[in-house]
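Visitor:
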Amino acid sequence: MSDPTEQEPAKGTAGAAAHSSQTNDAKTQSKSKAKKTGSKLPTWITSNLRNKRSLQLWFRCWLAAWTAFILMLPNRSLTNLGQAAFFVCMVMLMLPPLMTPFLWLIAMSTLVIGALFGWAMGCAAMASALRARNVQITGAAILKAQQSAASATNPEAAFRSTIFEGRYLDTKSTVVFGAYLIAVTYFLGFITARAQKLKLFCIFATIVFDVHATYGPLFPSPNYTLATILILPMAYAVAIGAASIILIFPRSLNAEWSNELAGLIGQCGNLLKVHRAYLHKAATGHNLPDADADGATSEHDKDGGSQRLASFPELSQEFESQFRALTAGLVQGSESLAGSGPFLELEPSRGLFSGKDLRKILAHVQKAAVRIFGMNAFHHLLESEHPEPEDIAARQQAKDSTGQPGGADYEDKDKDIEADDAQPSHAVFHVHASLRLMHWKKQLRGAEAEQHVRLREDLLPILHRGAMPALTAAQEAMEALAEWLRVSNQGRWSFTAKQRKSGMERKIETLQALRDALDRFEAALDHFIDKERIALLSPYEGHFVTKEGEDGSHLLSQDTYKAFRHSARPVFLCLLFCANFSNYGHTSIDQIRYIIALSERRVFGLSEAQQVQLKADHGGKLEYGKLSPVGPKIWFPTGMRKIGKLLLSRRSGAAGVGPGSGAVFPSEVEDNGRDEAVPVAARRRTDSDIQLESGRSMAAHLHAPDAEAQHRAELEELDDEDDDDDDRAELDTIASSVLTAPTLRQEVSSGPGQHGADSTELKANGEEVGTQKQKKDEKKRAQRFYAPDPDALPPTNAMQRFSRVLSNAYDTACSPDGIFALRYSLVSFLVWIPAVVSSSAGFSYSNRLLWALIMAQTGLTTTSGEAVFQIAGRLAGTIVGALGGMVVWYIGAGSGRGNAFGIAAAMGVVLVPLTFFRAFVPLALLIPCMLSSVTLVLIVGYSWIDTHLAGLTSNSGWGKDVAWRRLLLVLIGVAAAIIVMLFPRPVSTRIQVRKGLAGVTRDIQRLYCLLIEAWIISDLPDGADSNNKESLKHVQERIDGKLVLFRTRFQMAQAKLAGLAPKIKLAAIDLQPRGRWDAKSYDDLLRTHARQLEALSQLAGSLHFMRPEWRHQFAMNTAVLNPEVVSDISLQLSLIAASLDKGAPLPHAGIGVLFERVLLAGIFSTRVQDKLSAQTQQTSSDGRTPFFAEVLSFETLQKPDYMNVVLGAMALTTLAKRTDELANIVAKLCGELQIRGFDRLRDQQARRSLKAFGLDTV
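Positions 1 to 1258 (full-length UniProt numbering) are the ones given, in order, by the sequence shown.
1) Tell me where the alpha helix (DSSP H) around residue 1259 begins and ends.
2) Where do the N-terminal and C-terminal ends of the alpha helix (DSSP H) with G351 fall, by residue?
3) What is the DSSP secondary structure of W493, reduced to helix, strand or coil?
4) Quick check on this structure: which residue in Q591, P342, L73, P97 has the alpha carbon closest to the alpha carbon of A65?
5) So, under 8 angstroms CB-CB, R990 and Q1072 are touching, yes? Tell me the CB distance rounded to an integer number of Å.
6) Would you mind stating whether S599 and L511 have Cβ atoms separated by less than 8 angstroms?
7) Do G1059 and V1120 have their C-beta atoms within less than 8 angstroms of each other?
8) Note down, one range per segment and in chain order, each alpha helix (DSSP H) of at least 4 residues found wholly within the segment 946–1021.
9) Just reading off the beta strand (DSSP E) that I634 is part of, what are its end residues?
10) Do you know offhand how far E345's Cα is from T638's?
11) In this structure, does DSSP put H1104 in helix, strand or coil?
12) Apart from the five residues on each side of it in sequence, which residues of its chain come closer than 8 angstroms, Cβ to Cβ, to I819?
13) Between the alpha carbons of T1088 and M234, how many angstroms are there, rounded?
14) Flag this pair as yes or no: are the beta carbons of L1133 and T1214 separated by less than 8 angstroms?
15) Candidates L1093, V837, D817, A856: which alpha carbon is nearest G189's?
16) Relative to the alpha-carbon of M90, which residue among S148, F204, A145 has its alpha-carbon at the smallest distance?
17) Nearest to T174 by alpha carbon, out of R131, S349, Q147, P788?
18) Which of helix, strand or coil does DSSP assign to P217?
19) Is it right to say K273 is buried, meaning 16 or more other beta carbons lie within 10 angstroms of its own, or is it exposed?
20) Closest to A473 by C-alpha separation, out of F577, N376, F572, S588, would be which residue?
21) Kindly confirm or deny that the segment 957–977 and the segment 1039–1049 touch, where touching means at least three C-beta pairs closer than 8 angstroms.
22) Any idea what DSSP makes of D1220, helix, strand or coil?
23) Considering only C-alpha positions, which residue in the set A368, A568, C202, D210 is nearest to L271?
24) Run through DSSP, which three-state label would H618 get?
25) In the DSSP output, which residue or residues are listed as bridge partners for L1146?
26) If you measure between the beta carbons of M907 and V888, is that distance less than 8 angstroms?
27) Please name the residue or residues paired with S311 in a DSSP beta bridge.
28) Using a Cβ-Cβ cutoff of less than 6 angstroms, which residues in the same chain neighbour T185 once the five nearest sequence positions on both sides are dropped?
29) Three-state secondary structure (DSSP) at A792?
30) Please report the straight-line C-alpha distance between R276 and G884, rounded to a whole angstrom.
31) What residue does the alpha helix (DSSP H) around D357 start on, and which one ends it?
32) Put S151 into one of helix, strand or coil per three-state DSSP.
33) What residue range does the alpha helix (DSSP H) around D170 cover?
34) Quick check on H554: does DSSP put it in helix, strand or coil?
35) To the nearest angstrom, how far is it from the Cα of R1248 to the Cα of D1201?
36) Near V847, what residues of its chain come up, given a Cβ to Cβ distance below 7 angstroms and the 5 sequence neighbours on each side ignored?
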């Protein structure tokens, strides 16, 4: 019984943990390395052939599958297994023993429970159908058949044949079976679409129920053991799988997870290597030499100055694929580990680290991964650099000569767009680019040329010389950390004292090497930040020597200030690289320090207090030679909760028994945009409120008991290691919007000066009069808040709540998941009908129509693009499997009926490549690979059964006879699935991608709002006591809580974005007759979203690493907390999301204006701060360091904090610029609500402002 597997049962939970550990390294190899090896095979093949663990898993899978096939060859076991004996081998190919024992137990439990559920539903249907059957008519038919069969040679076989010919079919009984079929398949179809991790459950429940529903109506009396035809082979498969996993190269989830974690850290090292290669080639024009361990320039590079340096866009095109592949690998690997992490504490294991230890290490790795994503922004910003300023001027002059900029007719601008499409996107002035913005760009480029400080010729060599040693040290530290995790994972079971001693000695040596690598990394990073970074500023030192301040600081003059400001972009780009690398470096150092400290406690059996005392006694470091190591210990399970929650979770990854591996499924991509909406009355006031309605000050509100309690609750929820990540994602919304709502409503309802706390009177004995009121308030806190509905008020009574439930049920039934379940039920019913019609029942049974039914059910997908891809894969796999099955049968059996030794030998050989491909094939090729495997086993198995099992009612033949029937049944099932998918209307993959991108846009909006909340908290008002440690600690805790929420949501948004990438390719083959798919524009949307996430990561990094006084000055002098800018960015992201979701046009007046508004707001904020500083005669003596003003000193520029100032400012402008690009792309896809002449009007206003206020000289 083959086809059940066709929907990827479980590369997920367990398979992902075991499978991806073997394939991640392959995916991260560069093309250049593949060329050096001279191999033309894909890297996923070559890497697994060289990997010891992969070879062990391959052997285990092959032996299990071959054993399962051999079981059907002896007559005794064949008779016991019955006519579905080949199903044992098929289950071994559907669910190969790739997993760890505990995860395999969960996967097999899901399979068995699904089969038992199908069996139970089948028995219920049979019992109900028996009550509806006409007993008299059935009895007469049985008596007549027995009389006619009495004269036959084999009366029992003759009577059995009358059953499958449909002589006992009863209309009422068949209708009952049909009703059960529709209901059960609808339920299972809905679960398949909604809970992807339960797909294995649904597949086997459907198959077993299909047996009852197809053959049950044919029996005149109840036969509740029909399902044993499949249940018994499943039991054999479970036994074989359990024995192979336990006895053949066993390994716990803890061990597999440790290797996965080491591979994830190794990918960080690979990404650092690509950054080194990019910087080296950008500065020297040559590839990074393999032997260049210290980052110094080789003699070949020194002599290669005459070689033409590739332009930044060319460099980006060369390296982008490597950056993208490694970044995607980090995202998918992190999601896979996060998904399977909760299972670590559910199994016993022996090793150095416990499951909780590994999860804590992963949290640190994920934090560093968020930082390293920000490093990609450097080459993305360089990509937008134009080759020469003269090219800009020529392009601007050509644009001016064609007419007034921004005032041309819309038709003329369309021509400009078509002409610009042939050029890189970074070299195009968009239609909505204003005159003022183009003027500033031209002015800045000209100023850079006048100052004779060029990024490529002057600053990149300095950055290259200073950063390469630090980058090399960082890469070596990551490699040492990955090596330590691999070594610590070895020697879990050492049976001799010699083995234990040598193993611990190697662990100590590797740990010492990690500590040395950390020291080198710290020294190199400090040298780069403290020394080499200063060299980047030396070309600008001349701007600061005109006068000296009272404290000896070198300041800018009125003239040099403007010159520096206009020409400082190249050094700001370099400082951005320094800031991102510094932030990543310090995060990685903290990560390695934590792992070293944890490892020392585990290796030497120390408590935390003992470790601290020993470090204090030995100068801050442990002396490993004076300590006695202890061996690995046994870690027992710490909790058996949440297995059901993990299976029902919609989070992608390896946490569930289903197609995980980091993929994002359709149900996860859908976003209605209302999941975080709360009633207006329940909206939470932010900390920036200067005065609440109650008259309370902001400081009082910040330190209110309710706010503190809420904040502590948020942090406790976030820091609880036993909580599921899905709970975190839900609690951040509830905690930030709902929990404080009743308190704020009470404040708003109170009169001026009448706060709730003050209105509570106390009795003489200290009891509160308002106790009952507080209880009511607590009860209100627990009440459910309904999302705003524009068509209905929230329900207030039981009838309204019941109506809301009915409405939600109807909406769910009409959702894509509900439509899929309806199609699933409909195709099951249509293909099932011939099997229960008396005229076709015998033909259907003899030709195994059951397989066509299974194929039709498993061939359905939620979207038509996936359907086309899977149908093509199924047909290709079936054809290959049919041809292979005939070849194997005729090789093993010749022209006769075959013998056990020949068939076993032939299958033993052919299963070698089949199990390899099944175990390690990429997810995109899994369907055809699995179909070819199970089809081959089905053909050989049916051929053997039909020639060796006595008492068969129907015989399909062997060899080619079975092959063509199998192929025909697949075609019938596929045709039925296509018909049901097409009518009445297929669910479009294109629409799903568009709505998925709308959901990502909403996620970006929420991330931005979350960061703004954190910045508002960090912006200490002038009246606050910045020297109060308790106050600063409280503020920092709140910021850290927001950043934890940000990191969780950031990773979820990245995973969702990664899951949409393959769907864009599927959308190209979507069954939509409306026209060609604009794949390029959607690729641009995907890339722009990734750039926005990069910018948000940098903005979060600048907040985290900036000191409090610098945060306040940064907020005052930039547009980060400008209310108009915050409103504009939030509103624009919301409009873009709504436009993508509904396909509605964008307003013309709001497209492409954010970048300019952020620049103007920054200029305005700087000038306001300058005026206020002049009025109050504020100087730097108050402890705050002004910047971006005319008092900027060279000493301020040299401070490390200034890097994060530059990082935050450029991150904000990059976010605005990418949002403008996003709006332009969406406007191209969805159209615009035009305002003809608006661009001309805006440019006229720009000319007036440039002339009147002199903004062109800013």
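Beta carbons are placed, not taken as given, at the ideal position from N, Cα and C, and that holds for glycine.
Bear in mind that the values here come from a model prediction, so they are computed numbers and not experimental data.
Guide: Looking at the coordinates:
1) Any answer about residue 1259 is impossible in this case: the structure gives the chain only from 1 up to 1258.
2) For G351, no alpha helix (DSSP H) segment is defined; the enclosing uninterrupted segment is the beta strand (DSSP E) at 349–351.
3) Taken through DSSP and simplified to helix, strand or coil, W493 comes out as coil.
4) Of the listed residues, the one whose Cα sits closest to A65 is P97.
5) 6 angstroms
6) Contact flag set, yes.
7) no
8) 960–982, 989–1018
9) 633–635
10) Rounded to whole angstroms, E345 and T638 show a C-alpha spacing of 6 angstroms.
11) helix
12) Take I819, set aside five residues on each side of it, and the residues of its chain with a beta-carbon closer than 8 angstroms to its own are V987, in chain order.
13) For T1088 and M234, the distance between alpha carbons rounds to 48 angstroms.
14) Going by C-beta atoms, L1133 is not nearer than 8 angstroms to T1214.
15) It is D817.
16) F204
17) R131
18) Correct three-state label for P217: helix.
19) buried
20) S588
21) no
22) helix
23) Ranking A368, A568, C202, D210 by Cα distance to L271 puts A368 first.
24) coil
25) E1232
26) yes
27) Beta-bridge pairing links S311 to no other residue.
28) Taken in chain order, the residues that qualify are Y824, S825, S828.
29) strand
30) A straight line joining the alpha-carbon of R276 with that of G884 spans about 48 angstroms.
31) 355–375
32) Shown here, S151 sits in coil according to DSSP, grouped into three states, outside any helix or strand.
33) Note, D170: premise wrong, no alpha helix (DSSP H); not H, not E.
34) Here H554 sits in strand by DSSP.
35) 38 angstroms
36) The sequence shown places Asn at residue 847, rather than the Val named in the question. Sequence-distant Cβ neighbours of N847 in its own chain, meaning closer than 7 angstroms and more than five residues away, are R965.
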